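Undergrad:
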Amino acid sequence: MADSGWHTPDPDFYAEDFVTIQRTVRSSGVDLVVWETRQPTRDSRPTIVFVHGFPDTHGIWDPVIARLADRFHCVAYDVRGAGRSGVPAGRQGYAMAYLVSDLVAVLDAVSPNGAVHLSATTGARSRHGTRSPGSGSTAGCKGASLHTRRSAARA
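Read in order, the letters of the sequence shown correspond to residues 9 to 163 in our numbering.
Here is the structure:
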């Protein structure tokens with residue numbers, strides 16, 4: 009696993025009634041470390057998955073998650089080669105197809121019945137949108153997209 013720049017969610021950002029759970033999701037031979045922040049009693053809230061760009065880690069989203077965790081099941085993960093996630097063997101392991109597969113694997117693990125996706129980079133959004141046309145709408149910040157369905161992303 010990569011060890012530079014990883015970040016454990018800052019407890020000062022979160023209210024006491026939230027719980028953050030860490031898990032590992034395997035995708036295309038790489039272990040992705042995923043953090044879920046939620047209120048333990050509200051499992052039916054919509055899911056938002058936060059994806060960082062390079063060279064950041066999931067921790068870049070902590071202040072945003074702190075503001076949304078009372079209304080959403082918030083998920084952030086370290087993309088392959090970043091933070092605590094595994095490093096692929098060779099540069100080809102960073103191809104967009106793998107990054108999209110990683111996103112789908114995380115979505116399947118944390119919200120098998122649907123998800124809302126917020127992307128930090130336009131590349132992930134553009135590629136996901138190409139594989140799943142019409143699946144989302146652009147939110148208020150540059151590069152962000154909200155996706156309410158993803159079934160076509162596996163195509």
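For glycine and all other residues, C-beta sits at the position ideal for the given N, C-alpha and C. These numbers come from a predicted model, not from an experiment.
Grab the span of the beta strand (DSSP E) containing V59 for me, first residue to last.
TA: V59 -> beta strand (DSSP E) spans T55 to V59.
Undergrad: Return the CA-CA distance between V38 and D78, expressed in angstroms with no decimal places.
TA: Going by the C-alpha atoms only, they are around 31 Å apart.
Undergrad: Comparing C-alpha positions only, which one of D64, Q47 and S119 sits nearest to D25?
TA: The option with the nearest alpha carbon to D25 is Q47.
Undergrad: On the DSSP letters alone, give me the boundaries of the beta strand (DSSP E) that A84 sits inside.
TA: Where A84 is concerned, the enclosing beta strand (DSSP E) stretches over H81 to Y85.
Undergrad: Would you mind working out which of R53, I73 and A84 sits nearest T32, comparing C-alpha positions?
TA: Taking only the C-alpha atoms, the option nearest T32 is A84.
Undergrad: Within the same chain, show all residues whose beta-carbon is closer than 6 Å to that of S93, passing over the 5 residues directly before and after it, in chain order.
TA: Result list for S93: L40, V41 and D86, in chain order.
Undergrad: So what does DSSP say about R34, is it helix, strand or coil?
TA: The answer is strand: DSSP assigns R34 an E or B state.
Undergrad: List the residues that DSSP assigns as beta-bridge partners of L40.
TA: BP columns for L40 point to V33.
Undergrad: DSSP on R99, reduced to helix/strand/coil?
TA: Here R99 sits in helix by DSSP.
Undergrad: Would you identify the three-state DSSP class for R75, choosing helix, strand or coil?
TA: Helix.
Undergrad: To the nearest angstrom, report how far apart A90 and P63 are at their CA atoms.
TA: Taking the straight line joining both Cα atoms gives about 7 Å.
Undergrad: Sorted by chain position, which residues of the same chain lie with C-beta nearer than 6 Å to I29's C-beta, five sequence neighbours on each side aside?
TA: Around I29: E44.
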